[in-house]
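Numbering (my numbering), first residue to last: 4 to 358. Even for Gly, the Cβ is constructed at its ideal location relative to N, Cα and C.
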Ligand code: DOR
Ligand code: ZN
C-alpha cells in the first residue's frame, strides 16, 4: 500500500483567484484542497472596500457547487485614500481578514497601491486598534535597488520602522523570500508572521535560468539565491507558529507569461499541497506539515482550526501541460490556457478524493 499522511483540512493564506473566465478556470483547484483561502484584492479595478469584497466573494462562490465547503476570506486593497470608516467596516465583517499593502508599482495591478507609508499611518493605527491584520508585499519599488535586494531593503526602510512605531499592528509578511525576512519575523514577537510559498521553498534563482530563461518560474518577489531558500526551508519545518502556508498561486494566461515582457506569477493551485508535501518530505519533516498548513495560519488569524481531514498518498501523477480558460488569449491568439508549475512533470504525492 502507498504511504499516506492525513492532516487537518488546510487553508491557503495567500491566493490570487482573478475574476471572470480565469476565476472560473482556477477556483476549483483551490476549493478541492483547502477549506479557506485569503483572496488577494489586486483586480482591475482593485477591491478596496468591504462592499466590493463581499460582491467579489459571491462571484467566487457562484463558480462553485452550492454545497461547497470552501470559504473565501477577503483581503482589501490599501490605498493612499483608504478611510477609517472602511477599517471599521472591515473589522465588523466576518468575511474580511485584513488589508493588503502593495507599495505602488511593486507588482501586478499595484498601481493604486500606497505611495508612501506615512500617508496611511492613521489608517494603520486604526487597524492596530481594531485588530485588523496588515498583509504586506514587502518590496521597495525603487529601480535603483537591485531586484534581488528589494525585500531586504523594504524590511530595513519600511517594515522595521513600522514595527517599532506601531508594535500593536498585526502584520503578515507575505511570501517571504529571504533570510532577512525570516530573521525579522523571528525577532518581532507574536504580532508578526509570514507566509511561505511552495515555489520559494522548492526553487532558487538558478531555476529561473536553467538552460534558458523560464518565464513560468518568474514571480515577485523573485526567486532568491540558494542560501535564502535554505533559510525558508528551515523556517517552514521549524514548527514555529509564525510561519504558515500561503501559495501565492497567481495565474496568468500563457501568452502573457511567454512574452517579451512576461507577467510575474506562478500557478500552483493544481497541486499546492502535493508540492508542500514534497518539500516537507525532502526535509524529513512530514510531521510538521500539519501545523504549517492547517494550524498556524488559523491561529494567527484568530479563526477556529478546521475540523475535517485530508489525506495525501505517495502516488505519482503527471501534471497536465496546461489548463484551459474559456476566453481568447489576445497576446498569443487562440483559446487561452494556464501553464501550471511542473507542467508535464511527475509529482510524487497526490491528494486523495475526500470522503
Ligand atoms: O508573482 C506575483 N504575482 N507576485 C505578486 O505580488 C502578484 C502576483 C499576481 O497577482 O500575479
Ligand atoms: Zn500574491
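Worksheet item: Is the Cβ of residue 67 closer than 8 Å to any Cβ of chain B?
Response: Among the chains in the structure shown there is no chain B, since it carries only a single protein chain.
Fill in: Contact set for residue 129: own chain, Cβ-Cβ below 7 Å, skip 5 residues either direction
For the purposes of this step, residue 129 is taken as the residue at position 126 of the chain shown. Within the same chain, residue 129 has close Cβ partners 87, 90.
Item to complete: Assess, as a yes-or-no matter, whether the region 62-80 is touched by the region 119-128 under the definition of 3 or more beta carbon pairs within less than 8 Å.
Response: Per the Cβ contact rule, the region 119-128 is not in contact with the region 62-80 (fewer than 3 Cβ pairs under 8 Å).
Fill in: Cut-off 7 Å between Cβ atoms - residues of its own chain near residue 250, not counting five sequence neighbours on either side
Position 247 of the chain shown, counted from the first residue, corresponds to residue 250. Excluding sequence neighbours, residue 250 sits near 15, 17, 18, 200, 201, 271, 272, 275.
Worksheet item: At a cut of 8 Å, does the region 346-357 reach the region 278-295 through at least three beta carbon pairs?
Response: Cβ pair count under 8 Å is three or more, so yes.
Practice prompt. Starting from the Cα of residue 98, find the closest Cα among 140, 54, 236 and give me that residue.
Written response: The residue labelled residue 98 in the question sits at position 95 within the chain shown. Proximity to residue 98 across 140, 54, 236 peaks at 54, based on C-alpha coordinates.
Worksheet item: Would residue 84 be called buried (16 or more neighbouring beta carbons within 10 Å of its own) or exposed?
Response: Position 81 of the chain shown, counted from the start, is the residue given in the question as residue 84. Residue 84 counts as exposed, since fewer than 16 other C-beta atoms from the protein chains shown sit within 10 angstroms of its C-beta.
Item to complete: Would you list the one or two residues that DSSP bridges to residue 77?
Response: The residue given as residue 77 occupies position 74 in the chain shown. For residue 77, the beta-bridge partners assigned by DSSP are 42, 99.
Worksheet item: Should residue 243 go down as buried or exposed, given a rule of 16 or more other Cβ atoms within 10 Å for buried?
Response: In the chain shown, counting from the first residue as 1, residue 243 sits at position 240. By the Cβ neighbour-count rule, residue 243 is buried, with 16 or more other Cβ atoms within 10 Å of its own.
Worksheet item: Under 8 Å, do residue 184 and residue 172 count as touching if we go by C-beta distance?
Response: Here residue 184 is taken as the residue at index 181 of the chain shown, counted from 1. Here residue 172 is taken as the residue at index 169 of the chain shown, counted from 1. Their beta carbons are not under 8 Å apart, which means residue 184 does not touch residue 172 by this criterion.
Fill in: Which of helix, strand or coil DSSP assigns to residue 140
What you label residue 140 is simply residue 137 of the chain shown in a count that begins at 1. Secondary structure of residue 140 (DSSP, three-state): coil.
Worksheet item: Should the region 205-222 be called in touch with the region 157-173, which here means at least 3 C-beta pairs below 8 Å?
Response: No: fewer than three Cβ pairs fall under 8 Å.
Worksheet entry | Extent of the continuous beta strand (DSSP E) to which residue 313 belongs | Taking the first residue of the chain shown as position 1, residue 313 is located at position 310. In this chain, the beta strand (DSSP E) harbouring residue 313 covers 312-316.
Worksheet entry | Close-in-space but distant-in-sequence residues of the same chain around residue 293 (CB under 7 Å, 5 per side omitted) | Walking along the chain shown from the start, residue 293 turns up at place 290. Closer than 7 Å at Cβ, skipping near neighbours: 10, 11.
Item to complete: Tell me residue 206's beta-bridge partners as DSSP assigns them.
Response: Mapped onto the chain shown, residue 206 falls at position 203. Note: residue 206 sits in no beta bridge, so no partner.
Worksheet item: By a C-beta neighbour count over all protein chains shown, 10 Å radius and 16 as the cutoff for buried, is residue 254 buried or exposed?
Response: Residue 254 sits at position 251 when you count from the first residue of the chain shown. Buried: at least 16 other Cβ atoms inside 10 Å.
Worksheet item: Is residue 34 near the ligand ZN, with its Cβ less than 7 Å from a heavy atom?
Response: By one-based count along the chain shown, residue 34 stands at place 31. The answer is no for residue 34.
Worksheet item: Do you know offhand how far residue 210's Cα is from residue 20's?
Response: Walking along the chain shown from the start, residue 210 turns up at place 207. Walking along the chain shown from the start, residue 20 turns up at place 17. Approximately 25 Å between the Cα atoms of the pair.
Worksheet item: Is residue 253 near the ligand DOR, going by C-beta to nearest heavy atom under 7 Å?
Response: Reading the chain shown from its first residue, position 250 is the one you call residue 253. Yes, the Cβ of residue 253 comes within 7 Å of a heavy atom of the ligand DOR.
Fill in: Contacts around residue 108, its chain only, beta-carbon distance under 8 Å, and the 5 residues preceding and following it disregarded
Within the chain shown, the letter at position 105 stands for residue 108. Answer for residue 108: 114, 116, 144, listed in chain order.
Item to complete: Express the C-alpha separation of residue 334 and residue 194 in angstroms, rounding to a whole number.
Response: Here residue 194 refers to the residue found at position 191 when the chain shown is read from its first residue. Here residue 334 refers to the residue found at position 331 when the chain shown is read from its first residue. In a straight line, the C-alpha of residue 194 is about 43 Å away from that of residue 334.
Item to complete: Check the C-beta distance from residue 267 over to residue 82 and give it rounded, since I have them as a contact under 8 Å.
Response: Reading the chain shown from its first residue, position 264 is the one you call residue 267. Reading the chain shown from its first residue, position 79 is the one you call residue 82. About 21 Å separates the two Cβ atoms, so there is no contact after all.
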